[in-house]
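What follows is a set of notes on a single structure, which appears directly below.
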Amino acid sequence: MVTHGARPVRESGVDQARNDPYILHTVGDLSAAIHGAEALVEKAALAVDLAARTQLQGLLEGEDLDALLARSSIAVAEAKIASTRAALHVCERLYEVGGAATTQSRYNFDRHWRNARTHTTHDAVAYKYKAIGDYLVNGNYPPIAFTY
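Numbering (the working numbering), first residue to last: 1169 to 1316.
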């Protein structure tokens, strides 16, 4: 939308939306949020892979294995938080980038927010924050399960 149809804000002093410093700032913000979440998802995937391989191959057991599993669970919780925040943030701010035209029903851009909200509500992020805080502050391990 920015490069094909969005109009610049009158006060911006530019002739095209693609040159508006606030739109460029917003696109940079969205990119950083997306790439930050992607990096944490990749980190969590590596942590889970290592923990699963270690457990399945019997390379660690007892407290050492529990600690590794806890660290991978924390990595997943951090990724869940970052990806949830990024998805909702990006969907909300798309309208700032595309302008008023992005609200038109023919584009159906609101589906992105609705889909993100649907996918992010089934797993309560508030409990991820709590689990991370409890682990970092008190050393308590989060639940270790495929559903957490």
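We put the beta carbon where it would ideally sit given N, CA and C, even for glycine.
Around the Cβ of G1226, a 10 Å sphere holds fewer than 16 other Cβ atoms; the residue is exposed. Around the C-beta of G1266, 16 or more other C-beta atoms lie within 10 Å, and the residue is accordingly described as buried. Counting only residues of its own chain and dropping the five nearest sequence neighbours on each side, R1261 has a CB closer than 8 Å to the CB of T1194, D1197 and L1198.
When the beta-carbon positions are compared, S1251 and V1216 stay at least 8 Å from each other. In this structure, A1219 sits near L1236, with a CB-CB distance shorter than 8 Å. The DSSP-derived three-state label of N1308 is coil.
For R1253, the enclosing alpha helix (DSSP H) begins and ends at G1230 to G1266. When secondary structure is reduced to three states using DSSP, S1180 falls in the helix class.
Of the other Cβ atoms in all chains shown, 16 or more fall within 10 Å of the Cβ of P1310; this residue is therefore buried.
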